[in-house]
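For reference, the structure discussed in these notes is given below.
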Amino acid sequence: LLTDFVRWRVEGSDFPVGENVLALTMEAPTMVTAVYLSVTSVLTVTSTGPAGVPIALSEADVYGDSDGNTDFVRVYHDDTELSLTAPAEAGGRFFSRWVIDGQQGASFQEVATVVVSEDVTANAVYAFVIITEEPQSMGACVGQSINLSVTAIGNNLAYQWKRDGIPLGGETSDMLTIEAAASEDAGAYTVEIGNANASVTSAQALVTVVNATPIITSQPSGADVCPGGAVFMFAGASGGVLDFQWLKDGVEIDGATSAFFSISPATLGDSGAYSVEVSNQCGSVVSQDAIIDVDDVHCP
64 LLTDFVRWRV EGSDFPVGEN VLALTMEAPT MVTAVYLSVT SVLTVTSTGP AGVPIALSEA
124 DVYGDSDGNT DFVRVYHDDT ELSLTAPAEA GGRFFSRWVI DGQQGASFQE VATVVVSEDV
184 TANAVYAFVI ITEEPQSMGA CVGQSINLSV TAIGNNLAYQ WKRDGIPLGG ETSDMLTIEA
244 AASEDAGAYT VEIGNANASV TSAQALVTVV NATPIITSQP SGADVCPGGA VFMFAGASGG
304 VLDFQWLKDG VEIDGATSAF FSISPATLGD SGAYSVEVSN QCGSVVSQDA IIDVDDVHCP
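The opening position of the sequence shown corresponds to residue 64 in our numbering, with each subsequent residue numbered one higher.
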């Protein structure tokens with residue numbers, strides 16, 4: 064039977080788990096017991112930020128102990144599955160995530176499930192300011208509006224939007240609106256969010272501003288192809304953030320949404336007039352037709 068040392072017990076009083084060296088000064092006969100249990104593992108529960116965070120455990124350990132305030136340990140038989148629940152707020156900070164043995168859990172999920180099959184460390188991470196929704200990249204035509212937003216939790220938050228790292232005067236709320244975009248409004252936008260205790264900076268939101276519909280700079284080319292051969296086509300275009308959609312005989316081709324289009328192997332049914340529609344936030348343009356003829360007459 065495999066056993067693990069757990070703790071010393073002196074006259075019924077338990078010493079900390081895992082400390083296998085015991086120093087005592089005895090002035091009278093004393094009952095000292097070394098406690099072993101069949102294969103056990105230690106769950107260590109800690110917190111980053113505030114100390115003494117109350118954590119609820121769904122299962123009591125081998126001593127009947129469960130909930131505790133960080134930092135604390137519990138001893139479980141191997142393969143025990145349990146959940147840990149952290150409060151949403153502690154010590155003026157807000158829950159961010161669990162980190163289990165160095166692996167980050169999902170953001171803002173206060174409940175984590177662990178299987179104690181060996182020693183495990185579970186760390187509840189808290190922060191004064193947490194961004195829950197980052198600003199998103201977008202494109203706009205000249206004259207259209209630009210709208211960016213961020214969502215964060217924290218007390219008494221202040222905001223400062225920046226473009227390419229330079230603060231924007233007057234842009235100090237959770238939303239940034241530019242009513243009529245100009246070319247110079249393009250750039251990488253971030254927002255710094257903070258209070259008296261801490262500050263964080265959002266991820267970049269890339270904003271593109273274009274003044275026209277796309278321009279096709281390289282038209283797709285047709286070809287004569289043997290059955291079983293390959294077809295390769297390309298369309299070059301400019302005009303900011305572009306979307307592509309290839310068409311055959313005017314009908315959209317599922318999944319053909321890049322500047323490149325290929326068919327391999329080609330069949331007789333692939334013959335037709337191919338074109339590509341290129342679009343941006345200002346509109347769209349369709350290329351000239353590229354005629355693909357798949358026929359045995361083209362074969363040696």
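In this text, a Cβ means the ideal position worked out from N, Cα and C, and glycines have one as well.
Under DSSP, Met201 shares a beta bridge with Val270.
In terms of Cα proximity to Asp128, the closest of Glu247, Gln207, Leu106 is Leu106. By the neighbour-count criterion, in which 16 or more other beta carbons inside 10 Å mark a residue as buried, Asn83 falls on the exposed side.
In this structure, the straight-line span from the alpha carbon of Ala149 to that of Ser350 is close to 57 Å. A contact between stretches requires three or more CB pairs, one per stretch, nearer than 8 Å, and the stretch 295-306 meets this requirement with the stretch 272-286. For Tyr337, the enclosing beta strand (DSSP E) covers residues 335-343. Buried is the label assigned to Thr133, since at least 16 other Cβ atoms lie within 10 Å of its Cβ. Cβ neighbours of Leu269 within its own chain (closer than 6 Å, five residues either side excluded): Ser200, Ala251. Ranked by Cα distance from Gly154, the first of Val136, Asp312, Ala249, Ser110 is Ser110. Here the alpha carbons of Asp142 and Leu87 stand approximately 35 Å from one another.
Judged by DSSP in its simplified three-state form, Leu147 adopts strand. Secondary structure remark: continuous alpha helix (DSSP H) runs of at least 4 residues inside the stretch 83-143: none found.
Taking Tyr337 as reference, the option from Asp358, Ile326, Leu310, Ser321 with the minimal CA-CA separation is Leu310.
Contact annotation, Cys204 with Asn274: C-beta distance approximately 7 Å; criterion of less than 8 Å satisfied.
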